[in-house]
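Engineer: Pasting a structure below so you can have a look.
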Amino acid sequence: MSAELRLPVVLMVLLALAGLALVGFYVSPGHEGSFKENMIPQLIGFCLEGFFLVGLLSLLQKAQEQRQRRALWLSLRGSLRGLLSRLDIALLPPHAEPAPSPALEQDPAVVKRYLRELAGARLELEDMLALKREAIEVLGLGRDMIPVAAQLSTAHMRWWIAIVDSLRQMSRAGTRAALEQAASRFLQNLVAFDALEL
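When you line the sequence shown up against numbering that gives the first Met the number 0, it's residues 0 to 197, in that order.
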């Protein structure tokens with residue numbers, strides 16, 4: 000359980016236990032008096048309200064944060080769609096359909112598959128030039144999105160910087176070996192980026 004959720008869960012458990020203890024005290028015989036008749040129902044109500052408020056507010060806040068983090072992650076991954084599309088076309092078997100855009104933008108399994116296929120493939124010259132051109136175009140956007148990656152976590156930022164560096168290497172590659180090595184490093188960095196927890 001994350002530290003963000005631990006405190007609200009502990010508070011909910013304490014409020015639930017206190018509420019149950021107060022209910023038990025209220026329904027038990029004896030100890031009659033104004034304290035039991037006036038204060039105990041109010042304390043039970045306080046425990047119930049606190050339980051639901053803490054629980055609902057923490058769940059709503061967590062859901063909102065998760066949506067925001069997912070949107071940031073999608074914007075980062077979406078910026079690489081063009082390059083992944085070029086890789087998809089370069090590695091596409093004959094008579095096969097290209098991967099759909101949502102898979103390129105969101106599916107980590109697609110990136111892992113490209114990494115495996117790239118290791119045993121020999122790219123055509125036209126595909127290599129298209130990859131290099133796309134890397135040149137995406138490089139500036141990738142640099143601009145480093146602060147977006149930093150909003151997710153320092154680990155996301157470090158891997159995003161590694162991705163940008165591999166884009167730079169692709170854009171400067173002068174040989175087949177250099178381009179294929181940079182493309183492989185790009186995919187490895189992207190696999191590591193995708194593996195990080197949101």
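Each residue gets a CB set at the ideal place from its N, CA and C atoms; glycine is no exception.
Aspartate 193 and valine 110: beta carbons closer than 9 Å?
Structural biologist: yes
Engineer: Which residues mark the beginning and the end of the alpha helix (DSSP H) in which aspartate 87 is found?
Structural biologist: 80-90
Engineer: Measuring only the C-alpha atoms, how far is isoleucine 88 from leucine 56?
Structural biologist: 47 Å
Engineer: Quick test of the definition: if touching needs 3 or more C-beta pairs under 8 Å, does the region 113-122 touch the region 146-155?
Structural biologist: no
Engineer: Can we say the region 125-141 touches the region 81-96, given the rule of at least three CB pairs closer than 8 Å?
Structural biologist: yes
Engineer: Nearest to glutamate 123 by alpha carbon, out of Pro99, Asp106, Leu90 and Ala149?
Structural biologist: Leu90
Engineer: Comparing the C-beta of phenylalanine 50 with each C-beta of chain C, is any distance below 9 Å?
Structural biologist: Protein chain content of the structure displayed is limited to a single chain, and chain C is not contained in it.
Engineer: Does the beta-carbon of leucine 75 have 16 or more other beta-carbons within 10 angstroms, so that it is buried, or is it exposed?
Structural biologist: buried
Engineer: So does the region 156-175 actually touch the region 20-38, counting three or more Cβ pairs closer than 8 Å?
Structural biologist: no
Engineer: Exposed or buried, phenylalanine 51, counting other C-beta atoms within 10 Å across all chains shown (16 or more means buried)?
Structural biologist: exposed
Engineer: Please report the distance separating the alpha-carbon of valine 137 from that of proline 7.
Structural biologist: 42 Å
Engineer: For arginine 5, which of helix, strand or coil comes out of DSSP?
Structural biologist: helix
Engineer: Taking the alpha-carbon of glycine 141 as reference, which of Leu42, Gly81 and Ala62 has the nearest alpha-carbon?
Structural biologist: The shortest C-alpha separation from glycine 141 is found at Gly81.
Engineer: Helix, strand or coil for arginine 121? Go by DSSP, reduced to three states.
Structural biologist: coil
Engineer: Which residues bound the alpha helix (DSSP H) around glycine 198?
Structural biologist: It is not possible to answer for residue 198, since the shown part of the chain is limited to 0 through 197.
Engineer: Inspect the CB distances between the region 7-21 and the region 39-53 and report whether three or more fall short of 8 Å.
Structural biologist: yes
Engineer: Using the C-alpha atoms, what's the distance from arginine 184 back to serine 170?
Structural biologist: 13 Å
Engineer: Look at valine 147 and leucine 71 and say whether their C-beta atoms are less than 9 Å apart.
Structural biologist: yes
Engineer: Throw me the rounded Cβ distance for the leucine 21 and isoleucine 43 pair, which I believe falls under 8 Å.
Structural biologist: About 5 Å; that satisfies the 8 Å criterion.
Engineer: For alanine 149, which residues in the same chain have their Cβ closer than 6 Å to its Cβ, ignoring the five residues on either side in sequence?
Structural biologist: Met156
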